[in-house]
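Novice:
2 protein chains.
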Amino acid sequence: MPAPNMDLIVSLAKRRGFVFPSSEIYGGMAGFWDYGPLGVELKRNIEAAWWRHIVTVRDDVVGLEAAIIMNPRVWEASGHVAGFSDPMVDCRNCKLRFRAEDLKGPPSEIACPSCGSRGTLTEPRQFNLMFATHVGPVEESASLAYLRPETAQAMFVQFDNVATTQRRKLPFGIAQIGRSFRNEITPGNFIFRDREFTQMEMEFFVPPADEDRWFAYWVEERLRWWTDVIGIGSERLRLRPHDADELSHYSKQTTDIEYAFPIGWSELEGIADRTDYDLAAHSAGSGKRLAIFDEASGEHVVPYVIEPAMGVERAFLTALIDGYEEQQLAREKRVVLHLASALAPVKVAVLPLLRNRPELVERARALTTALKPLVAALYDDTASIGKLYRRQDEIGTPYCVTVDVDSLEDGAATIRERDSMTQERVALGLVPQRIADLVAGRATWEGVAREAPEDEG
Amino acid sequence: MPAPNMDLIVSLAKRRGFVFPSSEIYGGMAGFWDYGPLGVELKRNIEAAWWRHIVTVRDDVVGLEAAIIMNPRVWEASGHVAGFSDPMVDCRNCKLRFRAEDLKGPPSEIACPSCGSRGTLTEPRQFNLMFATHVGPVEESASLAYLRPETAQAMFVQFDNVATTQRRKLPFGIAQIGRSFRNEITPGNFIFRDREFTQMEMEFFVPPADEDRWFAYWVEERLRWWTDVIGIGSERLRLRPHDADELSHYSKQTTDIEYAFPIGWSELEGIADRTDYDLAAHSAGSGKRLAIFDEASGEHVVPYVIEPAMGVERAFLTALIDGYEEQQLAREKRVVLHLASALAPVKVAVLPLLRNRPELVERARALTTALKPLVAALYDDTASIGKLYRRQDEIGTPYCVTVDVDSLEDGAATIRERDSMTQERVALGLVPQRIADLVAGRATWEGVAREAPEDEG
Numbered sequence: 011m012p013a014p015n016m017d018l019i020v021s022l023a024k025r026r027g028f029v030f031p032s033s034e035i036y037g038g039m040a041g042f043w044d045y046g047p048l049g050v051e052l053k054r055n056i057e058a059a060w061w062r063h064i065v066t067v068r069d070d071v072v073g074l075e076a077a078i079i080m081n082p083r084v085w086e087a088s089g090h091v092a093g094f095s096d097p098m099v100d101c102r103n104c105k106l107r108f109r110a111e112d113l114k115g116p117p118s119e120i121a122c123p124s125c126g127s128r129g130t131l132t133e134p135r136q137f138n139l140m141f142a143t144h145v146g147p148v149e150e151s152a153s154l155a156y157l158r159p160e161t162a163q164a165m166f167v168q169f170d171n172v173a174t175t176q177r178r179k180l181p182f183g184i185a186q187i188g189r190s191f192r193n194e195i196t197p198g199n200f201i202f203r204d205r206e207f208t209q210m211e212m213e214f215f216v217p218p219a220d221e222d223r224w225f226a227y228w229v230e231e232r233l234r235w236w237t238d239v240i241g242i243g244s245e246r247l248r249l250r251p252h253d254a255d256e257l258s259h260y261s262k263q264t265t266d267i268e269y270a271f272p273i274g275w276s277e278l279e280g281i282a283d284r285t286d287y288d289l290a291a292h293s294a295g296s297g298k299r300l301a302i303f304d305e306a307s308g309e310h311v312v313p314y315v316i317e318p319a320m321g322v323e324r325a326f327l328t329a330l331i332d333g334y335e336e337q338q339l340a341r342e343k344r345v346v347l348h349l350a351s352a353l354a355p356v357k358v359a360v361l362p363l364l365r366n367r368p369e370l371v372e373r374a375r376a377l378t379t380a381l382k383p384l385v386a387a388l389y390d391d392t393a394s395i396g397k398l399y400r401r402q403d404e405i406g407t408p409y410c411v412t413v414d415v416d417s418l419e420d421g422a423a424t425i426r427e428r429d430s431m432t433q434e435r436v437a438l439g440l441v442p443q444r445i446a447d448l449v450a451g452r453a454t455w456e457g458v459a460r461e462a463p464e465d466e467g
Numbered sequence: 011m012p013a014p015n016m017d018l019i020v021s022l023a024k025r026r027g028f029v030f031p032s033s034e035i036y037g038g039m040a041g042f043w044d045y046g047p048l049g050v051e052l053k054r055n056i057e058a059a060w061w062r063h064i065v066t067v068r069d070d071v072v073g074l075e076a077a078i079i080m081n082p083r084v085w086e087a088s089g090h091v092a093g094f095s096d097p098m099v100d101c102r103n104c105k106l107r108f109r110a111e112d113l114k115g116p117p118s119e120i121a122c123p124s125c126g127s128r129g130t131l132t133e134p135r136q137f138n139l140m141f142a143t144h145v146g147p148v149e150e151s152a153s154l155a156y157l158r159p160e161t162a163q164a165m166f167v168q169f170d171n172v173a174t175t176q177r178r179k180l181p182f183g184i185a186q187i188g189r190s191f192r193n194e195i196t197p198g199n200f201i202f203r204d205r206e207f208t209q210m211e212m213e214f215f216v217p218p219a220d221e222d223r224w225f226a227y228w229v230e231e232r233l234r235w236w237t238d239v240i241g242i243g244s245e246r247l248r249l250r251p252h253d254a255d256e257l258s259h260y261s262k263q264t265t266d267i268e269y270a271f272p273i274g275w276s277e278l279e280g281i282a283d284r285t286d287y288d289l290a291a292h293s294a295g296s297g298k299r300l301a302i303f304d305e306a307s308g309e310h311v312v313p314y315v316i317e318p319a320m321g322v323e324r325a326f327l328t329a330l331i332d333g334y335e336e337q338q339l340a341r342e343k344r345v346v347l348h349l350a351s352a353l354a355p356v357k358v359a360v361l362p363l364l365r366n367r368p369e370l371v372e373r374a375r376a377l378t379t380a381l382k383p384l385v386a387a388l389y390d391d392t393a394s395i396g397k398l399y400r401r402q403d404e405i406g407t408p409y410c411v412t413v414d415v416d417s418l419e420d421g422a423a424t425i426r427e428r429d430s431m432t433q434e435r436v437a438l439g440l441v442p443q444r445i446a447d448l449v450a451g452r453a454t455w456e457g458v459a460r461e462a463p464e465d466e467g
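Line order of the protein sequences matches chains V and S.
Sequential numbering of the first sequence, starting at 11, is according to the working numbering.
Sequential numbering of the second sequence, starting at 11, is according to the working numbering.
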C-alpha cells in the first residue's frame, strides 16, 4: 500500500475522537494536542506495549517516573542551558522571528519572508528551546526553573539511587515514560512535531568496553519491537546511521529507525551511544561521583550509556498511517485500520442485528458485560449491521460479535474478523474466552468466508 | 493498627526505591519527587486500577488525555487567572513570604515568624498559584501561558468534541489521568502536598434534575473503590460533607473522602457537584454553546457535572501507611506491607534455597522466565532465605516461590503467602498459572502453616 494522504489521517483522527486540537473552542494552541476517547486508549496501549517489552518481561531494566520540573542545575550540567538552542533571526520591521536554517539565504542579503522588507533582518541569535517558569513565591533569577526537554536526565541524576536501592550490577537499564516540552519555533505536520509530547526513553548502563556490542543489540531489539509488537510493515522501516557531522555533542554513534511517512523518511526512534558524557557531567556538576563497581574489571567505573529514545506521538501517527487502507468491496468502499490487536482501542464490538428485538438486545448487552472485565468491549445498536461494521473497521476493532435471530435458537453468536471479514459461529457462553484468547494471541483465527460479500447483506 | 510514624514510611520509601527527592544530587527541589523502580510500579498499578474501574468496565465513561499547556483563555474563563490564589504576607526586613492563613494573628500586630521583627509584615496580597511560562519565540504578554493546575478544565473544553464523536447521550463521563502543577507556598508532609502531582479526575455530565441522585451515587461508588479495590481499611476512612462556607466557588455540594493520616484526618478525594458552572463559563468565554440534547426533557440543556477528583500521590501514600505493619516473630521483627495484590509492585519473587547449587538456580531462573509474561516477577539469590522473605515482605510482594533440594526430587516448589506466612507445595509446571490465578483473585489461597515459625529455619 502507498502511504495515505496525511489529510485523511487527520480527518479520521478528528472525526472518530483520536486526536483533537488542544483548547479548540478557543482557537487551539499551536503544537499542543489532546487525545480523545479512542486516542487515549491507543496511546496507553502503545505505552503499555513498550513498558512490558522494555521493563516487565526483562530482568535487567527497571522503571522510573520523575518530576517534569527538576532542579535547574540539572540543565546547566547537562549542557541544555548553554546549548539547547536554535539560531533565530528577527525582522526589525514586522517583529516576527524565523529559524535561521529556514531562511533562503544570509539574513543580511535577503528580504523578510513575512513583510518583504529588505535590510531589516538581524544576524542570527541563539534562542533556547526550554520552557522557563518560576518556582516558589518570588519571581527572581534564583527561582528560575525549566520544563524538561527530555526525560533522560532524570535517569542519570537518579543513577546512584536506583543502582543502590535495587542492588544492580552492570549492565542494567532505567526506563521512563513521561511528558517533555520543547518550545519549537515551527511545530507541525499534525502530531509529528509537538511542543508538548510523551517520550519513552531507556538508559542502558554498560561497562565501557561493551558499548559496541550493546549498541548493536539495542538497534536490533528496537527494530524488532516496531515490526513484531507494533506490527509496522518492515518495508516502510529503515535504519539510518548518523553521519559524524550530525551527531549530538553527547553521542559517539547514533542510528535512527526511520519510517516512510507521507512527508518522507523521518525519525521514529533514535538509538544513541551517549558514552559516559552525562554521568561525567553530573558528577562534575553535583560533586557526587556517579560510578559503580564493575566486576569484570574489578574497579569502580563510570558506565557508558546506550539509549533507545522515542516519542509516543510518532508511534501513534505511524500506527494510524501504516494501518490505514481504503478497500473496494462489492458495492461500497470501506476504510479499515489494520491495528495490531494489542494496540486497538476497542478489542470487540457487540452488535445486535435488530435493535427493536428486546431479546436480542438483552443477550447482546449481557455479552458486553461479560466481555468487559476481559477486554475493552463496546455495545452499539445505532445503525444497520453493515454500517456498524464500517464504524468498527475504521477505528481498528479486530472483532465484532453479532447476536442475530438464530442466536435465540442455537444459543450462539457470529464473531467476525476485521481484516479477512471471515466469520466463526461460537456458543454465546464461550465467546468471552474465545475473544480474550484471540486478542492475547493465545488462539488462532479459524473463520470461514460468508457466502455473499459482506456489503451485500 | 495505629498509623505508623511518617518517618518510617519516608525511610522505607527511600531505602527500597519507592520515592526519591527530585534532583537529590543537586540538593533536591521542594515539592517535587521522583518515583523509583518500585514506586513507579505502585503508581502505575493505582492508576490502572482507577482507569479500569472508572473507564474500562463501565459503559458510560470515556477517557481523555489532554495537553498540560492549554490556551490561556481557558484559565481566564474558568476563573483561575483571577481567583486561583492565596493571600500572602511579605516581611520587609527578611524578605520572606508567608501564607496569611498560616500566621498566628493579624500581620500588623504580630512579629515575623522568621526574623522576629515587628511591624515589618505587609498586608495580605493575592499570589496566583499557577506556574506561568511563555510559548513561542517571543517572550511577551501575548505568549503568556500556564501549566494546568487541574486536569478538569480540558474535559469541559472538549465536552462537545467528545460527546459528538462518541455519539454520547446523558448521563456520561469523561475521565483523565495526568500531571497538574500548583506553585504551593508550603509543600510538605512528604508527598502529601506537592507542586507537581498526578490527578485522576472524572467529570460526569447529568441532566440538571438528576444531580442529587448522581452525587450520592458517586460518593458511594468512590468510597467502595477505596475499600474494595485499593484495600484501605474502612475504619480509617470517613466521609466529610463540606460546610456551606468552605465550598469552592463552582460547587453546590462537596463531600471529601478522608483518611486518618499520621498528620490527622485529611482529604484523599473530593466528590463535587460543580453544577453547570464550568460549561456555562466556557460557553461564555469561547462563544461556543456547550450543550447537549436531553431526551427526557426534549430540549438542549447545559448538563450538570458531578466530579470525583483525587491525587495519585495521596493514594500512594495511603497504601504505604495503611499497609505498613511491624510484627514480632519468634526470633525477629518483620516489617510487612499489606498491599492489595493488584497494587503490589512485584507479584512474586522466585528464590533458590541455595545459590551455590546450579541445578536449583537453573530451575528458579527458568521459573522466573515462565512467570514474567503473566505477572511482575523477580529472581533473587543474594541472601539467606529468611532475609529474602523479609525483603519481599517489606515491599509488599504477596507471594514467594522457593526452589529447594526437594524440588530436584519431586519437581515441585513451595509458594509462601506474605500475610499468613503459610505455604503450598505446587508442581513447578503449575506454579505460573497458580500464581496468576491467585494474583487476579480467580483462586483462593489454601496454604498450611509451617511446623516451625518461619524465622526459626
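Using N, Cα and C, we set each Cβ at its ideal position, and we do this for glycine too.
Please classify S124 (chain V): does DSSP put it in a helix, a strand, or coil?
Specialist: Along the first sequence, one-based indexing puts residue 124 (chain V) at 114. Three-state result, S124 (chain V): coil.
Novice: Give the straight-line distance between the Cα atoms of A13 (chain S) and Q402 (chain S), rounded to the nearest whole angstrom.
Specialist: Mapped onto the second sequence, residue 13 (chain S) falls at position 3. Mapped onto the second sequence, residue 402 (chain S) falls at position 392. Straight-line Cα distance between these residues: approximately 21 Å.
Novice: Could you please give me the residues that DSSP links to E279 (chain S) through a beta bridge?
Specialist: Counted from its first residue, the second sequence places residue 279 (chain S) at position 269. According to DSSP, E279 (chain S) bridges with S:I267 and S:M320.
Novice: Name, in chain order, the residues that DSSP records as bridge partners for G188 (chain V).
Specialist: In the first sequence, residue 188 (chain V) corresponds to position 178, counting from 1. Partner(s): V:Q209.
Novice: Can you list, in chain order, the residues of the region 209-240 of chain S whose Cβ is nearer than 8 Å to any Cβ on chain V?
Specialist: none
Novice: Look up A155 (chain V) in the DSSP assignment and give the residues it is bridged to.
Specialist: The residue you call residue 155 (chain V) lines up with position 145 of the first sequence. Paired residue(s): V:T143.
Novice: Could you tell me whether the Cβ atoms of A359 (chain S) and Y409 (chain S) are closer together than 9 Å?
Specialist: As a working note, residue 359 (chain S) is residue 349 in the second sequence. As a working note, residue 409 (chain S) is residue 399 in the second sequence. Taking 9 Å as the Cβ cut-off, A359 (chain S) and Y409 (chain S) qualify as a contacting pair.
Novice: Just to confirm the assignment, what range does the alpha helix (DSSP H) spanning N171 (chain V) have?
Specialist: Numbered from its first residue, the first sequence carries residue 171 (chain V) at position 161. From DSSP, the alpha helix (DSSP H) with N171 (chain V) extends over F169 to T175.
Novice: Going by C-alpha to C-alpha distance, which of V:R102, V:I316 and V:V371 sits closest to A162 (chain V)?
Specialist: Position 152 of the first sequence, counted from the first residue, corresponds to residue 162 (chain V). The shortest C-alpha separation from A162 (chain V) is found at V:I316.
Novice: What separation, rounded to the nearest whole angstrom, lies between the Cα atoms of E309 (chain V) and F303 (chain V)?
Specialist: Indexing the first sequence from 1 puts residue 309 (chain V) at position 299. Indexing the first sequence from 1 puts residue 303 (chain V) at position 293. Looking at the two C-alpha atoms, the distance is approximately 6 Å.
Novice: At 8 Å on the CB atoms, spell out the chain V contacts of T66 (chain S), in chain order.
Specialist: Here residue 66 (chain S) refers to the residue found at position 56 when the second sequence is read from its first residue. Within chain V, the residues near T66 (chain S) are K382 and A386.
Novice: With DSSP as the reference, identify every bridge partner of M98 (chain S), one or two as the case may be.
Specialist: Mapped onto the second sequence, residue 98 (chain S) falls at position 88. In DSSP, M98 (chain S) forms a bridge with S:R109 and S:R135.
Novice: Residues of chain V with CB under 7 Å from T175 (chain S), in chain order?
Specialist: Residue 175 (chain S) sits at position 165 when you count from the first residue of the second sequence. At a beta-carbon threshold of 7 Å, the residues of chain V lying near T175 (chain S) are R25, R26, G27 and G46, ordered along the chain.
Novice: Kindly indicate which residue of V:G333, V:F30 and V:V72 has the alpha-carbon position closest to the one of T174 (chain V).
Specialist: In the first sequence, counting from the first residue as 1, residue 174 (chain V) sits at position 164. Among V:G333, V:F30 and V:V72, the Cα nearest to that of T174 (chain V) belongs to V:V72.
Novice: Whether or not the region 72-89 of chain S and the region 40-49 of chain V are in contact is what I'm after, with contact meaning three or more pairs of Cβ atoms, one per stretch, closer than 8 Å; do they touch?
Specialist: Three or more Cβ pairs closer than 8 Å define a contact, and the region 40-49 of chain V meets that threshold against the region 72-89 of chain S.
Novice: Report yes or no: is there a C-beta of chain A within less than 9 Å of the C-beta of Q338 (chain S)?
Specialist: The structure shown contains no chain A; the protein chains it does contain are V and S.
Novice: Suppose the cutoff is 7 Å on Cβ atoms and the five residues either side in sequence are ignored; what does the same chain contact list for S33 (chain S) look like?
Specialist: Taking the first residue of the second sequence as 1, we reach residue 33 (chain S) at position 23. Excluding residues within five positions, the ones whose Cβ falls inside 7 Å are M39.
Novice: Counting pairs of Cβ atoms below 8 Å between the region 218-225 of chain V and the region 322-338 of chain V, do you hit three or more?
Specialist: No, they do not touch.
Novice: Who are the neighbours of Q443 (chain S) on chain V, taking C-beta pairs under 8 Å?
Specialist: Numbered from its first residue, the second sequence carries residue 443 (chain S) at position 433. Residues of chain V passing the Cβ test: none, with the nearest at roughly 13 Å.
Novice: Can you check which of these residues, S:L18, S:V436 and S:G89, is closest to D10 (chain S) by C-alpha distance?
Specialist: Any answer about residue 10 (chain S) is impossible in this case: the structure gives chain S only from 11 up to 467.
Novice: Along chain S, which residues have their Cβ under 8 Å away from the Cβ of Y389 (chain V)?
Specialist: On the first sequence, position 379 is the one that residue 389 (chain V) refers to. Annotation: Cβ neighbours of Y389 (chain V) in chain S (cutoff 8 Å, chain order): D69.
Novice: Any idea which residues DSSP pairs H310 (chain V) with across the strands?
Specialist: As a position in the first sequence, residue 310 (chain V) is number 300, starting the count at 1. Per DSSP, V:F303.
Novice: Starting from T392 (chain S), find everything on chain V with Cβ-Cβ shorter than 9 Å and list it in chain order.
Specialist: Locating residue 392 (chain S) in the second sequence gives position 382, counting from the first residue. Neighbours of T392 (chain S) on chain V, chain order: R177.
Novice: Does the CB of R373 (chain S) have a neighbour CB from chain V at under 9 Å?
Specialist: Position 363 of the second sequence, counted from the start, is the residue given in the question as residue 373 (chain S). Taking Cβ atoms only, chain V never reaches closer than 9 Å to R373 (chain S), which makes this a no.
Novice: So, helix, strand or coil for F42 (chain V), using DSSP?
Specialist: Within the first sequence, residue 42 (chain V) is the residue found at index 32, counting from 1. Three-state result, F42 (chain V): coil.
Novice: Select from the region 81-104 of chain V all residues with a C-beta closer than 7 Å to any C-beta belonging to chain S, and list them in chain order.
Specialist: N81, R83, V84 and M98
Novice: Looking at T378 (chain V) and L388 (chain V), is the spacing between their C-beta atoms short of 9 Å?
Specialist: Numbered from 1 along the first sequence, position 378 holds the residue referred to as residue 388 (chain V). Numbered from 1 along the first sequence, position 368 holds the residue referred to as residue 378 (chain V). Contact flag set, yes.
Novice: Can you find at least 3 beta carbon pairs, one from the region 98-117 of chain V and one from the region 50-70 of chain S, that sit closer than 8 Å?
Specialist: Contact between the region 98-117 of chain V and the region 50-70 of chain S is absent, with fewer than three C-beta pairs closer than 8 Å.
Novice: Less than 9 Å between the beta carbons of I19 (chain V) and L330 (chain V), yes or no?
Specialist: On the first sequence, residue 19 (chain V) is found 9 positions in, with the first residue counted as 1. On the first sequence, residue 330 (chain V) is found 320 positions in, with the first residue counted as 1. Going by beta carbons, I19 (chain V) and L330 (chain V) fall inside the 9 Å limit.
Novice: Which residues, in chain order, does the region 291-304 of chain S contribute to contact with chain V at a C-beta distance below 7 Å?
Specialist: From the region 291-304 of chain S, only H292, S296 and K298 have a Cβ closer than 7 Å to chain V.
Novice: From the DSSP secondary-structure annotation, give me the bridge partner or partners of E434 (chain V).
Specialist: Position 424 of the first sequence, counted from the first residue, corresponds to residue 434 (chain V). Its beta-bridge partners are V:I425.
Novice: According to DSSP, V29 (chain V) sits in a beta bridge with which residue or residues?
Specialist: Looking up residue 29 (chain V) in the first sequence gives position 19. Paired residue(s): V:Y45.
Novice: What ranges does the alpha helix (DSSP H) occupy inside the region 360-408 of chain S, keeping only unbroken runs of at least 4 residues that lie completely in it?
Specialist: 368-381 and 395-405
Novice: Taking F141 (chain S) as the reference, which of S:P147, S:Q186 and S:F94 has the closest Cα?
Specialist: One-based indexing of the second sequence puts residue 141 (chain S) at position 131. Comparing Cα positions, the closest option is S:F94.
Novice: Can you grab the Cα-Cα spacing for the pair F169 (chain V) / R426 (chain V), in whole Å?
Specialist: For the purposes of this step, residue 169 (chain V) is taken as the residue at position 159 of the first sequence. For the purposes of this step, residue 426 (chain V) is taken as the residue at position 416 of the first sequence. For F169 (chain V) and R426 (chain V), the distance between alpha carbons rounds to 50 Å.
Novice: So, does the CB of V315 (chain S) fall closer than 9 Å to a CB anywhere in chain V?
Specialist: By one-based count along the second sequence, residue 315 (chain S) stands at place 305. Chain V, which has no Cβ nearer than 9 Å to the Cβ of V315 (chain S), makes this no.
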